[in-house]
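Participant: What follows is a single structure, and I will ask about it in a moment.
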Amino acid sequence: MSTNHELFQRALQRLPGGVNSPVRAFKSVGGEPFFTARADGAYLWDVEGTRYIDYVGSWGPMVVGHNHPAVREAVERAVKDGLSFGTPCPAEVTMAETITKLVPSVEMVRMVNSGTEATMSAIRLARGATGRAKIVKFEGCYHGHGDSFLVKAGSGALTFGVPTSPGVPKASADLTLTLPYNDLAAAQALFAEQGDDIAGLIIEPVAGNMNCIPPVDGYLQGLRELCTRHGALLIFDEVMTGFRVALGGAQVLYGVTPDLTTFGKIIGGGMPVGAYGGRRDLMEQIAPSGPIYQAGTLSGNPVAMAAGLAMLELIQVAGFYDTLAARTRLLCDGFQLVADEAGVPFSTNRVGGMFGLFFSAEQVSSYAQATTADTALFNRFFHGVLKRGIYLAPSAFEAGFLSSAHSDQDIADTLQAAREALAEAKG
Ligand code: PMP
28 MSTNHELFQR
38 ALQRLPGGVN
48 SPVRAFKSVG
58 GEPFFTARAD
68 GAYLWDVEGT
78 RYIDYVGSWG
88 PMVVGHNHPA
98 VREAVERAVK
108 DGLSFGTPCP
118 AEVTMAETIT
128 KLVPSVEMVR
138 MVNSGTEATM
148 SAIRLARGAT
158 GRAKIVKFEG
168 CYHGHGDSFL
178 VKAGSGALTF
188 GVPTSPGVPK
198 ASADLTLTLP
208 YNDLAAAQAL
218 FAEQGDDIAG
228 LIIEPVAGNM
238 NCIPPVDGYL
248 QGLRELCTRH
258 GALLIFDEVM
268 TGFRVALGGA
278 QVLYGVTPDL
288 TTFGKIIGGG
298 MPVGAYGGRR
308 DLMEQIAPSG
318 PIYQAGTLSG
328 NPVAMAAGLA
338 MLELIQVAGF
348 YDTLAARTRL
358 LCDGFQLVAD
368 EAGVPFSTNR
378 VGGMFGLFFS
388 AEQVSSYAQA
398 TTADTALFNR
408 FFHGVLKRGI
418 YLAPSAFEAG
428 FLSSAHSDQD
438 IADTLQAARE
448 ALAEAKG
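As structure tokens, then:
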């Protein structure tokens, strides 16, 4: 059997950075990633048999824990009938009906294969529908790796210090206007100047790619009013927050109705799935009912739909999000207590089942604050808890995720590991 180290050495020979998605490589925290052999409930096991309590959850999808029997069995049943048809299939219709039922602003939906595809398609629709070219995004927000979005982007782009990527043509980047998150006055000023050229504004309604930063009171409402006034579309990127912060997503939690919404992660139950949807009059402009083109060989794949539908059943159980939020609160309050005991400046943010840990005395509500937290201390802390069997996202600029499979004992074990790791890490 290969060790983690042996696998990583082989991977480095044949995969850029040894991985298929950058943040997995541990570059910012240092050291080498482990290779997962299997996952179940709140846990991952690496190829050497070490168990980790997992707070990454495949970067969001695993809100009911890994390898949930209902999701696995739905996939097993679907697989028996074939892997892909290239014709319409019944599960796609049920999926569209389920999403539109659970997210009231979404009247029609188009399934795609990733969050990136969903956001790229949503801005094409915004541009096509408005006849305008410019889009607005927020510093530190990540919307996948489309050209238009790799401008002052979060997640891996922020982690590795290349928030605007080489390879994005200037002509494309020039059409992306960026704003500071949670600063309504800045948005008002930009719209006053360029509002008539703006096709759409895309935002993570709870930012999760510069660590976790909730919107301040009235912020999303303010953006809604601005977009309406200037004829720009408001696009909520709920790839991360959809079915993570509440049933119906951040838009239901904060009571703000976007024109378009993008999804991914949870709606695929762990399979490669994304979706975009919104107002009927907009969605009907997508081919073949309208002229704006977007397509996909594997879109609406029957196995992926089966996984997603099983997942969307599980999260509709009464009290699911209350319990998830209560556990997340227990975890965050516990981390805060541990840091206070150790005398380390620290704060947390949380919404539903997502959270952020900051080595910073301030409550963080902006990108500028997030980037001034003590990342060197985070990196030492990350490794300290990792060697005690706790897997946090390997970057100070990612949100953490809890699942319904995390038990009180898992949380207690995590906090004990955090106590020991912090005593070591604070030096
Ligand atoms: N939007 C948001 C808010 C995300 O968090 C992500 C991925 N983390 C994406 C879009 C891109 O999704 P994918 O990685 O599936 O392309």
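For the sequence shown, my numbering assigns the number 28 to the initial residue and increments by one for each residue that follows. Idealized CB from N, CA, C, for every residue including glycine. All figures in this text were calculated on a predicted structure; none of them were measured in a lab.
1. For Y394, is the beta carbon positioned less than 7 Å from some heavy atom of ligand 2?
2. Compute the distance between the beta-carbons of S374 and A353, then report whether it is under 8 Å.
3. Mind checking G297: buried by the 16 CB within 10 Å criterion, or exposed?
4. Runs of 4 residues minimum, wholly inside the stretch 167-202: which ones carry the alpha helix (DSSP H) assignment?
5. I'd like to know whether the C-beta atoms of C382 and C239 end up nearer to each other than 8 Å.
6. Taking C-alpha atoms, which residue in A450, D440, A397 and S111 lies nearest to E425?
7. Between N140 and V300, is the Cβ-Cβ spacing less than 8 Å?
8. Alpha carbon to alpha carbon, how far is Q436 from G416?
9. Can you tell which of R65, D224 and D81 has the C-alpha that lies nearest to the C-alpha of E75?
10. Here's the rule I'm using: 16 or more other beta-carbon atoms within 10 Å means buried, otherwise exposed. How should G57 be labelled?
11. Ligand 1 heavy atoms versus the CB of S326: any closer than 7 Å?
12. Should A118 and L341 be called a contact, given that it needs their Cβ atoms to be closer than 8 Å?
13. Closer than 7 Å: is that where the CB of W86 sits relative to any heavy atom of ligand 1?
14. Which ranges does the alpha helix (DSSP H) cover as unbroken runs of at least 4 residues, wholly within the stretch 70-133, from first to last along the chain?
15. Closer than 7 Å: is that where the CB of V266 sits relative to any heavy atom of ligand 1?
16. Where does the unbroken alpha helix (DSSP H) through V412 begin, and where does it stop?
17. Report yes if the C-beta distance between D365 and R446 is below 8 Å; otherwise report no.
18. Pull up the distance between the alpha-carbon of E265 and that of L185, whole angstroms please.
19. Would the beta-carbon of S199 fall within 8 Å of that of V50?
20. Name, in chain order, the residues that DSSP records as bridge partners for M310.
21. Ligand 1 and T205: does any heavy atom of the ligand fall closer than 7 Å to the residue's C-beta?
22. Going straight from the alpha carbon of P43 to that of F35, what length do you get?
23. What are the boundary residues of the beta strand (DSSP E) that includes M28?
24. Helix, strand or coil, according to DSSP, for D244 in the structure here?
25. Which same chain residues, not among the five before or five after L204, have their C-beta less than 8 Å away from its C-beta?
26. So, are the CB atoms of L339 and L429 less than 8 Å apart?
27. Taking L404 as the reference, give the member of L384, A213 and P193 with the closest Cα.
28. Within 10 angstroms of the Cβ of Y320, are there 16 or more other Cβ atoms? Answer buried if so, exposed if not.
29. What residue does the alpha helix (DSSP H) around I5 start on, and which one ends it?
30. If we ignore side chains and look at the alpha-carbon of each, how far apart do Y208 and F290 end up?
31. Jot down the residue ranges of each uninterrupted beta strand (DSSP E) in the stretch 308-372, minimum 3 residues, whole runs only, in chain order.
32. With hydrogens ignored, establish whether the beta-carbon of H288 is closer than 7 Å to any heavy atom of ligand 1.
33. Report the start-end ranges of each alpha helix (DSSP H) in the stretch 209-259 that is 4 residues or longer and not cut off at the edges.
34. How long is the line joining the alpha carbons of G346 and S431, rounded to whole angstroms?
35. Report buried or exposed for M28, applying the criterion of at least 16 other Cβ atoms within 10 angstroms of its Cβ.
36. Between which two residues does the beta strand (DSSP E) harbouring T284 extend?
Facilitator: From the atom records:
1. Absence of ligand 2 is noted for the structure shown, with ligand 1 being the only ligands found.
2. As a working note, residue 374 is residue 347 in the sequence shown. As a working note, residue 353 is residue 326 in the sequence shown. The Cβ atoms of S374 and A353 lie no closer than 8 Å to each other.
3. Against the sequence shown, residue 297 aligns to sequence position 270. G297 comes out buried.
4. List check, alpha helix (DSSP H) in window: 183-186 and 197-200.
5. In the sequence shown, the residue the question calls residue 382 occupies position 355. In the sequence shown, the residue the question calls residue 239 occupies position 212. Checking the sequence shown, residue 382 turns out to be Phe, not Cys. When the beta-carbon positions are compared, F382 and C239 come within less than 8 Å of each other.
6. On the sequence shown, residue 425 is found 398 positions in, with the first residue counted as 1. Nearest option by C-alpha distance: A397.
7. Numbered from its first residue, the sequence shown carries residue 140 at position 113. Numbered from its first residue, the sequence shown carries residue 300 at position 273. Taking C-beta atoms as the reference points, N140 and V300 count as a pair closer than 8 Å.
8. Walking along the sequence shown from the start, residue 436 turns up at place 409. Walking along the sequence shown from the start, residue 416 turns up at place 389. In a straight line, the C-alpha of Q436 is about 14 Å away from that of G416.
9. Looking up residue 75 in the sequence shown gives position 48. Ranking R65, D224 and D81 by Cα distance to E75 puts R65 first.
10. Translated into the one-based positions of the sequence shown, residue 57 becomes position 30. With fewer than 16 other Cβ atoms within 10 Å, it is exposed.
11. Working through the sequence shown from its first residue, we reach residue 326 at position 299. S326: no, Cβ never under 7 Å from ligand 1.
12. Translated into positions along the sequence shown, residue 118 becomes position 91. Translated into positions along the sequence shown, residue 341 becomes position 314. Not closer than 8 Å, so no.
13. Position 59 of the sequence shown holds residue 86. For W86, the distance from the CB to the nearest heavy atom of ligand 1 is below 7 Å.
14. Taking 4 residues as the minimum length, the alpha helix (DSSP H) runs contained wholly in the stretch 70-133 are 96-107 and 117-129, in order along the chain.
15. Walking along the sequence shown from the start, residue 266 turns up at place 239. Checking every heavy atom of ligand 1 against the Cβ of V266, one is found closer than 7 Å.
16. Mapped onto the sequence shown, residue 412 falls at position 385. Its alpha helix (DSSP H) spans residues T402 to L413.
17. Locating residue 365 in the sequence shown gives position 338, counting from the first residue. Locating residue 446 in the sequence shown gives position 419, counting from the first residue. In the sequence as presented, Asp is not what sits at residue 365; that position holds Val. Between V365 and R446, the C-beta gap is smaller than 8 Å, which places the two residues in contact.
18. Taking the sequence shown and counting its residues from 1, the one referred to as residue 265 is at position 238. Taking the sequence shown and counting its residues from 1, the one referred to as residue 185 is at position 158. E265 and L185 have their C-alpha atoms spaced approximately 19 Å apart.
19. By 1-based counting over the sequence shown, the position of residue 199 is 172. By 1-based counting over the sequence shown, the position of residue 50 is 23. No, these two residues do not count as a Cβ contact at 8 Å.
20. As a position in the sequence shown, residue 310 is number 283, starting the count at 1. Bridge partners of M310: none, in fact.
21. The residue labelled residue 205 in the question sits at position 178 within the sequence shown. No, Cβ of T205 sits at least 7 Å from all heavy atoms of ligand 1.
22. By one-based count along the sequence shown, residue 43 stands at place 16. By one-based count along the sequence shown, residue 35 stands at place 8. Inter-residue distance for P43 and F35 is about 11 Å (C-alpha atoms, whole angstroms).
23. Translated into the one-based positions of the sequence shown, residue 28 becomes position 1. It is not in any beta strand (DSSP E) - M28 carries neither H nor E in the DSSP assignment.
24. The residue given as residue 244 occupies position 217 in the sequence shown. D244 carries a coil assignment under DSSP once its states are collapsed to helix, strand and coil.
25. The sequence position of residue 204 within the sequence shown is 177, counting from 1. Hits under 8 Å: K161, I162, V163, K164, L217, Q221 and I225.
26. Along the sequence shown, one-based indexing puts residue 339 at 312. Along the sequence shown, one-based indexing puts residue 429 at 402. The answer is no: Cβ separation not under 8 Å.
27. Numbered from its first residue, the sequence shown carries residue 404 at position 377. When each option's Cα is compared against that of L404, the closest is L384.
28. Taking the sequence shown and counting its residues from 1, one reaches residue 320 at position 293. Exposed, because fewer than 16 other Cβ atoms sit within 10 Å of the Cβ of Y320.
29. This structure leaves residue 5 out entirely; the chain is present only between 28 and 454.
30. Taking the sequence shown and counting its residues from 1, the one referred to as residue 208 is at position 181. Taking the sequence shown and counting its residues from 1, the one referred to as residue 290 is at position 263. Each residue's alpha carbon lies about 20 Å from the other.
31. Taking only runs of at least 3 residues, no beta strand (DSSP E) segment lies wholly in the stretch 308-372.
32. As a first step, residue 288 is located in the sequence shown; it is residue number 261 there, counting from the start. In the sequence under discussion, the amino acid at residue 288 is Thr, which differs from the His named in the question. For ligand 1, not one heavy atom lies less than 7 Å from the Cβ of T288.
33. Fully enclosed alpha helix (DSSP H) runs of 4 or longer: 211-221 and 246-257.
34. By 1-based counting over the sequence shown, the position of residue 346 is 319. By 1-based counting over the sequence shown, the position of residue 431 is 404. Per the coordinates, the alpha-carbon of G346 lies some 11 Å from the alpha-carbon of S431.
35. Walking along the sequence shown from the start, residue 28 turns up at place 1. Exposed: under 16 other Cβ atoms inside 10 Å.
36. Translated into positions along the sequence shown, residue 284 becomes position 257. Boundaries cannot be given for T284, as no beta strand (DSSP E) includes it and DSSP labels it neither H nor E.
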